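Residue numbers (full-length UniProt numbering): 1 to 1003.
Built from N, CA and C at the ideal position, the CB exists for glycine as well.
Please read all numbers here as calculations on a predicted model, not as lab measurements.
Structure (structure tokens):
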């Protein structure tokens, strides 16, 4: 299904299903079905061609014809679906059953109401299509040429450009000027300065957010706290204030008690928190003065040199010191364009026409969003295509500063250059609010449920949907959002507000999505509502008038960040395919899904992040067509037994506390994704569940909680049968017999401490592994070499709870280990890099231990200060985020240890360092010394990485006067930790140091 052809693409396979199924159709019906199939095959290409051309360039007759064809296709699909839902899955159907099914369709489809058999219903469809075909001949649109398809993977040039160019090209000068505005007047003490507000003003797409974020990231460490929060149009002020509080202190303000506060109470909380702090807050994308005033009330003037940056498109909204952001220079614009196109250094290739380049530069007028979008459209096109773009109608050739207008035109041009299926998928994003992080997986599953994703032999629907997602990223129509905790994996996307304006306008014109926001519904009058999106509002029950004017035809209902209150799912939504209530609030014990069992067409049910729903009705077992059930972060605790009957289910996402019913997997053999908790099952049922896992031949994602040791051997065998598994999160202690597949991409071993690194984790067996998270007592040089040699590893979490001392060392060179690692967390470990005597390799060491002397020589070095500043060999070239542990007492007790020579400057891409400073048994002076040495290490690094120091066991420091350890609560906590560590620790004190070759393949 797509925007241009409505449901036309779905009709042919459903008619084929009727023709091939064991349905005793009336005489002559089969012939009519064949005729319909042929007629639609002729109409769909014409609709495809119409959709390739901007809507405003079509003759009015073409618009009318296309609109009527799309609406008719929806009605036809609804008719066929209703018939198939009534009869599919039963025994072979006799004529009387067909008549009863058609009678139940009465009232939904006009002329079909009076028909008593399938033949009459199809005859009506035939007449509608014949009328549409006649109009098509009169419109003369067949000469319009369609555009080619796109690529299917993330363009590496785009990733490099986003990382290295958009954050750097043309931003240095602006960043310096903005920082100068924020700096203290010469001679003034920062602690006595007034709060400073700077407004960054510029048109959409100019890079205001990018600039503010760059300055924020660079200066945040100089302040006590900070927040970066988007506002957007029609903001929920309560949510904005809550987001500011969460950014300032996530641990405190994520508590549920703050959910119930109103705006006044949140302002008071914010004032109280900021009163004694020097803060740095960025309020991004403010549209209205009233919104700024509501936020501004909470910003305390406390004479501590605090800073507030506000970005806006409107000069009338700007306050304080105003910084007018300028477009990119011609040279910077060309560098950005050519880097996106050719991965070059900003030089125009000789075979590229200079005239076309100059016209494109004038059109983009230095707006980065316009340049990137235009370049993404031109990637891979021939030279003559460049000239065709420049000579197309509407291409503005002058330069009178109409930046916003021209950027909108470029976005429109890029939209119409998309293949048909991508247009549809992009427009569906208009169901989400502005500035919303749209999770990739949930978006793709919705596309599948709506029928937007076409089947392809040898490729699953989800993999096909991922290709669509990547194509939209490559075209710069959506912005990829990476999860740095997982090493930079793309997990979501955002839509720039100018792109959102475009697709919302198109969705309105084509009656594709109806948006309900602040009690205002944006849909052309007189149209049937096909997809309904509730955004940031209080949902209300349908009135009788709304029910009578087209709401019964709703196919998709998506609510984001809404207060559901007493709203109840209306029984008239008989044709609903997608029902998603995401990040919503319900009244406690809400029973609004009592009619769920009547939604026989439902393919997608999502309650992700919605509070107040604790159970699903048993009638969910009637939803034979349900494919996706997403209950993550909801209150659902136990799944009803009816779930076991949903044989078409391909995705089941429970929360961490959502328990499985007995016998869940007996019939759900089509599952591709499963997140479930089985702690509620008895031993026998758990064993049956684990064995049944091995039959899920299509399983791609498995996250399972609540396992016990007695079923571990069966689990190992079942995992070996999952040949398509890519993501695994499991509690498993015995790994000796586990066989993991080569295309596994992520592995998380939860709530279990391993004595050593499993032998199955090595480069030869897991060449595709990107993310690894596990807890081990000990790791030796062979284990460290195995982990470092994983060729695709981007995110590493290595935790230890053992207090025994040990060290593992591996020698790495520039082309050796950890080549793609972007983020690593060594919790319980201290790290050190030492340049070896050959000056061509670096020894990387992990060390742990709290006992006195365990780290006696760790960090000590005979190198002088000047040598530590020399240019070291490059190792871990992509590592940006590093976390590790410093046990101060063990480090300093012998007087030889130090944090002075960690050699972090060997990491060329380092941006952030987080250190957990363990104060247990150390003096305050030793803790201060360790922190000072760590700051010195960060200062030596050429990137000046952000340093985040967090004290652990602070109450366990030794007092100067008595030599005693701190208060009783801290002692109790420490004793509990030591008892826990004593239970899991299995190794004695040891030191392991081995020189290994630089080539990980030699492991």
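_Residue span of the alpha helix (DSSP H) that contains residue 331, given as start and end_ = What you label residue 331 is simply residue 331 of the chain shown in a count that begins at 1. First-last of the alpha helix (DSSP H) with residue 331: 330 to 342.
*Okay, do the stretch 309 to 316 and the stretch 327 to 338 touch, 3+ Cβ pairs below 8 Å being the bar?*
Three or more beta-carbon pairs separated by less than 8 Å are not found between the stretch 309 to 316 and the stretch 327 to 338, which leaves the two stretches without contact.
*Identify every run of the alpha helix (DSSP H) within the stretch 663 to 699, keeping only runs that are complete inside it and at least 4 residues long; order them along the chain.*
Correct list: 683 to 693.
*Determine the closest residue to residue 220 out of 932, 926, 766 and 911, with distance taken between C-alpha atoms.*
Against the chain shown, residue 220 aligns to sequence position 220. Minimum Cα distance to residue 220 is reached at 911.
*For the beta strand (DSSP E) that contains residue 630, what are its first and last residues?*
To locate residue 630, count along the chain shown from 1; it is residue 630. It spans 628 to 630 - the beta strand (DSSP E) in which residue 630 sits, taken as one unbroken run.
_Restricting to Cα atoms, I'd like to know which of 771, 599, 711 and 699 is closest to residue 463._
Looking up residue 463 in the chain shown gives position 463. Ranked by Cα distance from residue 463, the options 771, 599, 711 and 699 are led by 699.
*asked:* Please identify the residue among 296, 269, 233 and 479 whose C-alpha is closest to the C-alpha of residue 369.
replied: Your numbering for residue 369 matches position 369 in the chain shown. Comparing Cα positions, the closest option is 479.
*Sort 178, 780 and 793 by Cα distance to residue 743 and report the nearest one.*
By 1-based counting over the chain shown, the position of residue 743 is 743. Nearest of 178, 780 and 793 to residue 743, Cα basis: 793.
_Could you give the first and the last residue of the continuous alpha helix (DSSP H) run that contains residue 432?_
Walking along the chain shown from the start, residue 432 turns up at place 432. Per DSSP, residue 432 belongs to no alpha helix (DSSP H) and is neither H nor E.
*Looking at residue 301 and residue 194, is the spacing between their C-beta atoms short of 8 Å?*
Translated into the one-based positions of the chain shown, residue 194 becomes position 194. Translated into the one-based positions of the chain shown, residue 301 becomes position 301. It is a contact, given that the beta carbons lie within the stated cut-off.
_Exposed unless 16 or more other CB atoms sit within 10 angstroms - verdict on residue 777_ = As a working mapping, residue 777 is identified with position 777 in the chain shown. It is buried - the Cβ of residue 777 has at least 16 other Cβ atoms within 10 Å.
*Go through its chain and collect everything with a Cβ distance to residue 888's Cβ below 7 Å, but skip five positions before and after it.*
Translated into the one-based positions of the chain shown, residue 888 becomes position 888. Excluding residues up to 5 positions away in sequence, 917, 918, 919, 922, 926, 927 and 930 lie with their Cβ nearer than 7 Å to the Cβ of residue 888 in the same chain.
_Going by DSSP in three states, residue 64 sits in which element: helix, strand or coil?_
In the chain shown, the residue the question calls residue 64 occupies position 64. Helix.
*Just how far apart, CA to CA, sit residue 297 and residue 267?*
Indexing the chain shown from 1 puts residue 297 at position 297. Indexing the chain shown from 1 puts residue 267 at position 267. The straight-line gap from Cα to Cα measures roughly 7 Å.
*When DSSP labels each residue in this structure, what does residue 308 get in the three-state scheme?*
Along the chain shown, one-based indexing puts residue 308 at 308. In the three-state DSSP reduction, residue 308 falls in the strand class (E or B).
*Excluding five sequence neighbours on each side, which residues of the same chain lie with their C-beta closer than 6 Å to the C-beta of residue 706?*
In the chain shown, the residue the question calls residue 706 occupies position 706. Within the same chain, and ignoring the five residues on either side of residue 706 in sequence, the residues whose Cβ sits closer than 6 Å to its Cβ are 677, 678 and 679.
*Since residue 665 and residue 649 are thought to touch, with beta carbons under 8 Å apart, how far apart are those beta carbons, to the nearest angstrom?*
Translated into positions along the chain shown, residue 665 becomes position 665. Translated into positions along the chain shown, residue 649 becomes position 649. Rounded, the Cβ-Cβ distance is 10 Å, inconsistent with contact.
*Measure from the alpha carbon of residue 285 to the alpha carbon of each residue in 761, 693, 35 and 213, then state which is nearest.*
Residue numbering aside, residue 285 sits at position 285 when the chain shown is read from its first letter. When only C-alpha atoms are compared, the closest one is 213.
*Would you mind stating whether residue 576 and residue 555 have Cβ atoms separated by less than 8 Å?*
Position 576 of the chain shown, counting from 1, holds the residue named residue 576. Position 555 of the chain shown, counting from 1, holds the residue named residue 555. It is a contact, given that the beta carbons lie within the stated cut-off.
_Excluding the 5 residues flanking residue 227 on each side, which residues of the same chain have their C-beta closer than 6 Å to its C-beta?_
Start at 1 with the first residue of the chain shown, and residue 227 comes out as number 227. Counting only Cβ-Cβ distances below 6 Å, and skipping sequence neighbours, we find 244, 247, 248 and 281.
*asked:* Give me the DSSP bridge partner(s) of residue 197.
replied: Along the chain shown, read from residue 1 onward, the residue named residue 197 stands at position 197. According to DSSP, residue 197 bridges with 308.
*Let me know if residue 559 comes out buried or exposed under the rule of 16 or more other beta-carbons within 10 Å of its beta-carbon.*
By one-based count along the chain shown, residue 559 stands at place 559. Answer is buried; the Cβ neighbour count reaches 16.
*Taking the Cβ atom as the reference point for each residue, do residue 645 and residue 621 lie within a distance shorter than 8 Å?*
Numbered from 1 along the chain shown, position 645 holds the residue referred to as residue 645. Numbered from 1 along the chain shown, position 621 holds the residue referred to as residue 621. Yes; because the gap between Cβ atoms is below 8 Å, this pair is in contact.
*Pick out whichever of 441, 661, 490 and 691 has its Cα sitting closest to the Cα of residue 606.*
Against the chain shown, residue 606 aligns to sequence position 606. In terms of CA proximity to residue 606, 441 leads the group 441, 661, 490 and 691.
_Assuming residue 208 and residue 325 are in contact, meaning their beta carbons sit under 8 Å apart, how far apart are those beta carbons, in whole angstroms?_
Locating residue 208 in the chain shown gives position 208, counting from the first residue. Locating residue 325 in the chain shown gives position 325, counting from the first residue. The Cβ separation is near 6 Å, so the contact holds.
_What does DSSP give as the partner residue(s) for residue 1072 in the beta ladder?_
Because the chain is modelled from 1 through 1003, residue 1072 falls outside the range shown and cannot be assessed.
*Can you say whether residue 13 is buried or exposed, counting buried as having 16 or more other CB atoms within 10 angstroms of its CB?*
As a position in the chain shown, residue 13 is number 13, starting the count at 1. Result: exposed.
*Can you tell which of 35, 574, 582 and 604 has its C-alpha closest to the C-alpha of residue 562?*
Looking up residue 562 in the chain shown gives position 562. Scanning 35, 574, 582 and 604 for the CA closest to the CA of residue 562 turns up 582.
_Proximity below 8 Å, CB of residue 454 to CB of residue 428_ = Translated into positions along the chain shown, residue 454 becomes position 454. Translated into positions along the chain shown, residue 428 becomes position 428. Their beta carbons are not under 8 Å apart, which means residue 454 does not touch residue 428 by this criterion.
*Check the C-beta distance from residue 784 over to residue 763 and give it rounded, since I have them as a contact under 8 Å.*
The count along the chain shown starts at 1 and reaches residue 784 at position 784. The count along the chain shown starts at 1 and reaches residue 763 at position 763. Separation of the CB atoms of residue 784 and residue 763 is rounded to 13 Å, and the pair is thereby denied contact status at 8 Å.
_Between which two residues does the beta strand (DSSP E) holding residue 226 run?_
Locating residue 226 in the chain shown gives position 226, where the first residue counts as 1. Start and end: 225 to 232.
*In whole angstroms, what is the alpha-carbon distance linking residue 413 and residue 779?*
By one-based count along the chain shown, residue 413 stands at place 413. By one-based count along the chain shown, residue 779 stands at place 779. Cα-Cα distance, rounded: 55 Å.
*Take residue 502 and list the residues in its own chain whose beta-carbon comes closer than 8 Å to its own, dropping the five residues that flank it on each side.*
Taking the chain shown and counting its residues from 1, one reaches residue 502 at position 502. Excluding residues within five positions, the ones whose Cβ falls inside 8 Å are 408, 411, 412 and 415.
*Write down the C-beta distance between residue 741 and residue 725 rounded to the nearest angstrom, noting that I regard them as a contact closer than 8 Å.*
For the purposes of this step, residue 741 is identified with residue 741 of the chain shown, where counting begins at 1. For the purposes of this step, residue 725 is identified with residue 725 of the chain shown, where counting begins at 1. With 8 Å as the limit, residue 741 and residue 725 qualify as a contact, their Cβ atoms being about 6 Å apart.
*Leaving out five residues before and five after residue 833 in sequence, what residues of the same chain have Cβ atoms less than 6 Å from its Cβ?*
Looking up residue 833 in the chain shown gives position 833. Hits under 6 Å: 842, 844, 903 and 906.
*In its own chain, which residues sit with a C-beta less than 6 Å from the C-beta of residue 232, not counting the 5 before and 5 after it?*
Taking the chain shown and counting its residues from 1, the one referred to as residue 232 is at position 232. Once the five neighbours on either side are set aside, the close Cβ partners of residue 232 are 285, 434 and 435.
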